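Q: If you scroll down you'll find the structure; I have some questions about it.
In UniProt numbering, the protein residues as written are 1 to 217.
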């Protein structure tokens with residue numbers, strides 16, 4: 001563990017190195033400010049990465065399949081991925097393992113290179129760069145995931161370096177996911193603010209009116 005690089009609403013972030021199978025990863029180590037944050041909370045955050053990875057793979061497969069997407073679109077989609085993530089427990093002696101406390105858990109995220117860009121929040125879905133292909137793609141990813149999940153959840157809070165995304169959230173009516181899940185309010189904001197772009201139209205995704213009726217807005 002090295003220097004503190006940032007403090008968010010809930011977590012402190014540090015630079016660190018992680019050794020797995022003789023491979024060293026440069027990571028951002030995140031630790032909840034509250035010392036009473038249980039393992040389950042870290043696991044729910046990691047679950048958002050798992051959901052985002054599945055959403056991205058489904059999205060990419062459909063982009064490669066649908067004929068309306070150009071070769072440039074498909075090349076851009078191939079680059080899209082979620083950063084690696086690990087839930088880590090600090091251990092030492094066996095006694096320390098047996099006496100592990102909530103403060104011993106960390107969330108490690110793959111450190112990204114290049115300029116860090118915020119593409120979408122978990123409560124703001126207005127695309128101010130609607131003519132930029134990577135923004136179109138990522139906003140369409142959220143719309144695609146919303147449709148894949150029957151209007152009940154979607155991946156959001158998407159940011160990163162280029163097409164490698166990190167620190168995602170999932171707005172979910174079933175309250176399955178942890179930090180960043182705005183639940184019903186997140187769904188409502190997405191439905192009100194999202195504007196279909198060419199990627200959405202190429203997929204033939206349902207418009208937001210359908211999801212609005214489902215939520216009875």
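Backbone N, C-alpha and C fix where the C-beta goes; we use that ideal spot for every residue, glycine too.
In this text the structure is predicted, and so the values were computed from the model without any measurement.
Which residue wins for smallest C-alpha separation from residue 84, given the options 65, 37, 167, 74?
A: 167
Q: Hey, residue 64 and residue 46: beta-carbon distance below 8 Å or not?
A: no
Q: Taking the continuous beta strand (DSSP E) assigned at residue 25, which residues delimit it?
A: 23-32
Q: In the DSSP assignment, find the unbroken alpha helix (DSSP H) run with residue 200 in it and report its ends.
A: 198-203
Q: Starting from residue 172, trace the beta strand (DSSP E) both ways and give me its first and last residue.
A: 169-172
Q: Can you list the beta strand (DSSP E) stretches of 3 or more residues lying completely in the region 75-139, in chain order?
A: 85-89, 105-110, 116-120
Q: Name the one or two DSSP bridge partners that residue 161 has.
A: 116, 164
Q: Report the rounded CA-to-CA distance for residue 159 versus residue 169, giving the unit in angstroms.
A: 10 Å
Q: With residue 58 and residue 148 assumed to form a contact (beta carbons below 8 Å), what rounded beta-carbon distance in angstroms separates them?
A: 6 Å
Q: So the alpha helix (DSSP H) residue 58 belongs to, where does it begin and stop?
A: 39-65
Q: Taking the straight line between their C-alpha atoms, what separation do you get for residue 180 and residue 157?
A: 8 Å
Q: Within 10 angstroms of the Cβ of residue 80, are there 16 or more other Cβ atoms? Answer buried if so, exposed if not.
A: buried
Q: For residue 193, tell me which candidate among 122, 71, 32 has the shortest Cα-Cα distance.
A: 122
Q: Can you check which of these residues, 195, 153, 174, 109, is closest to residue 135 by C-alpha distance?
A: Ranking the options by Cα distance to residue 135, first place goes to 195.
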